[in-house]
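Report on one structure; see the data block that follows.
Next up, the structure:
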């Protein structure tokens, strides 16, 4: 265990990690002499899983050439300053074609151990919070990098052999060629003279293959102009197995036509395949949304539902290889997203509706609505009547918390277990305000308190009425709007926060 502890600490303070780790750099300047207390290091999850005993940590790093301990034996720092020149790019290789399942650092280390190589640092690339199938791996020297490149066929990360390219060479590629390398297409199945249908039709036809062997999921591309269908793979062996499936018990049949596929592994032919022409994505997507797409709205969402809950609901009917749409959620009871293709939107909408009672968010069955992108969803505000009390003729300085607490105290046991005044809309020196109570019966009790009259910090309160009709509805509309605005602002604030390192 001591050896593992020393190795973990030396990784934290290694050239490879320390130059990237803003937290440790700032901590070094924060503490006297640059010595970071053991207590700070014990907040790092991997180290804490090994030990949180200062004596054990001190003993483990006593012979380290990377870090040194202070006189009190309760803090440490790097022994040597960072090198002025950073040559890490020359020692880093780009792995591509690793699929959508995020490999752990240990998965990558284990794969490289097959060729007696150990990485210094691993960066796994994400796109829209999903693993992009790409990792940048730094090694101790250029010789090790070349060894990895030469023996890459012996490396298998979660059953996938990656494509490999030195980072310096990767950066020399054009942006388009960088994207092409990261796709890492090394085999493809091509079908010709296919019926031109929406891409979801082909996904559905291939689903039996993917259900039987999920790892064989292809990237699917239809070229309507040439009536060709491409199934793109990073692993030639995967393409071969898919070919066995479609030529055997899982033929791909579209409109009565059984598709015939040809396996292509020639690099030149793969590079020459039709590719999507890049356009101004923002303008193009906006045009699609305005002219061709549809908006799917979700209503009757229960309180305290998170964005992740909505995404999980959509994932029940969406193809896993398809990127999740951008969802606009007001934090209340509705959400919406736009699908740029009207036919695809209708197909997805039908699948969502077919969920029936399984379409729940927060324990409530939600409803789906298919509208034009510019069309607003008209949702009737749902609320329980008789909960809003307006008080007035406040002559004096009193806080809303004091009013709320005083009323709940006077309600006694009736205000226990979360009941009583749940919300008060009032500012100091206002002459009137609103109370929202948890039941219509309690609202009547609150009215009785005002009619009898009571004091809050010497201020007499004896005038109130029950809010009803259009005034009551407007209160709930305003409350909903305010809550939605607060939710959107909180989301905006979260997005603007800098993300620190996770341990």
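Residue numbers (the UniProt record's numbering): 1 to 503.
We put the CB at the ideal spot given by N, CA and C, even for glycine.
Query: Residue 105 beta carbon less than 8 angstroms from that of residue 94; Result: no
Query: Cα-Cα separation, residue 395 to residue 426; Result: 13 angstroms
Query: Residue 470, buried or exposed, once every other Cβ within 10 Å from all chains shown has been counted against 16; Result: exposed
Query: Cβ contact (3+ pairs, closer than 8 angstroms) linking the segment 53-70 and the segment 109-118; Result: no
Query: Minimum Cβ-Cβ distance from residue 101 to chain C less than 8 angstroms; Result: No chain C is part of this structure, which consists of one protein chain only.
Query: Close Cβ partners of residue 387 (< 8 angstroms) along its chain, the five nearest in sequence each way excluded; Result: 436, 437, 438, 439, 440 and 443
Query: Same chain, Cβ closer than 7 angstroms to residue 232, neighbours up to 5 away in sequence not counted; Result: 185, 188, 218, 219 and 221
Query: DSSP bridge partner residues for residue 130 (one or two, in chain order); Result: 127
Query: As assigned by DSSP and simplified to three states, the class of residue 69; Result: strand
Query: Segments of 4+ residues assigned as alpha helix (DSSP H) that fall wholly inside the segment 67-118; Result: 105-113
Query: Whole-angstrom distance between residue 64 and residue 55, CA atom to CA atom; Result: 15 angstroms
Query: Completely contained alpha helix (DSSP H) runs for the segment 174-233, where each covers 4 or more residues; Result: 175-183 and 199-212
Query: For residue 375 and residue 389, the rounded distance between their alpha carbons; Result: 35 angstroms
Query: Three-pair Cβ contact test at 8 angstroms for the segment 307-319 versus the segment 258-266; Result: no
Query: Distance CB(residue 424)-CB(residue 433) smaller than 8 angstroms; Result: yes
Query: Close Cβ partners of residue 109 (< 7 angstroms) along its chain, the five nearest in sequence each way excluded; Result: 118 and 119
Query: Residues that DSSP places opposite residue 163 in a beta bridge; Result: 96
Query: Span of the alpha helix (DSSP H), counted from its first residue to its last, around residue 436; Result: Not the alpha helix (DSSP H): residue 436 falls in the beta strand (DSSP E), residues 433-437.
Query: Beta-carbon proximity check, residue 421 vs residue 404, cutoff 8 angstroms; Result: yes
Query: Contact check, residue 339 vs residue 298, beta carbons under 8 angstroms; Result: no
Query: Boundaries of the alpha helix (DSSP H) in which residue 294 is found, first to last residue; Result: No alpha helix (DSSP H) holds residue 294; the beta strand (DSSP E) holding it covers 294-299.
Query: Nearest to residue 378 (by Cα), restricted to the options 385, 370 and 384; Result: 370
Query: Residues of its chain near residue 145, where Cβ-Cβ distance is below 7 angstroms and the 5 sequence neighbours each way are ignored; Result: 91, 93, 139 and 166
Query: Three-way DSSP call (helix, strand, coil) for residue 313 in this model; Result: helix
Query: Candidates 223, 17, 236 and 3, of which the one nearest residue 51 by Cα; Result: 3
Query: Nearest-angstrom Cα separation, counted from residue 459 out to residue 402; Result: 11 angstroms
Query: Simplified DSSP assignment, three categories, for residue 246; Result: helix
Query: Contact under 8 angstroms by Cβ, residue 321 with residue 254; Result: no
Query: Boundaries of the alpha helix (DSSP H) in which residue 145 is found, first to last residue; Result: 142-150
Query: Residues bridged to residue 157 [DSSP beta-bridge criterion]; Result: 160
Query: Sequence ranges, beta strand (DSSP E) only - wholly within the segment 328-397, length at least 3; Result: 335-339, 367-371 and 388-391
Query: Beta-bridge pairing of residue 47 - partner residues as DSSP gives them; Result: DSSP lists no partner for residue 47.
Query: Residue from 344, 367 and 345 whose Cα sits closest to the Cα of residue 355; Result: 367
Query: Residue 502 burial status per 10 Å Cβ neighbour count (16 or more: buried); Result: The predicted position of residue 502 is uncertain, since its pLDDT is 40 and thus under 50; no value can be drawn from it.
Query: Minimum C-alpha distance to residue 229 - residue among 96, 242 and 202; Result: 202
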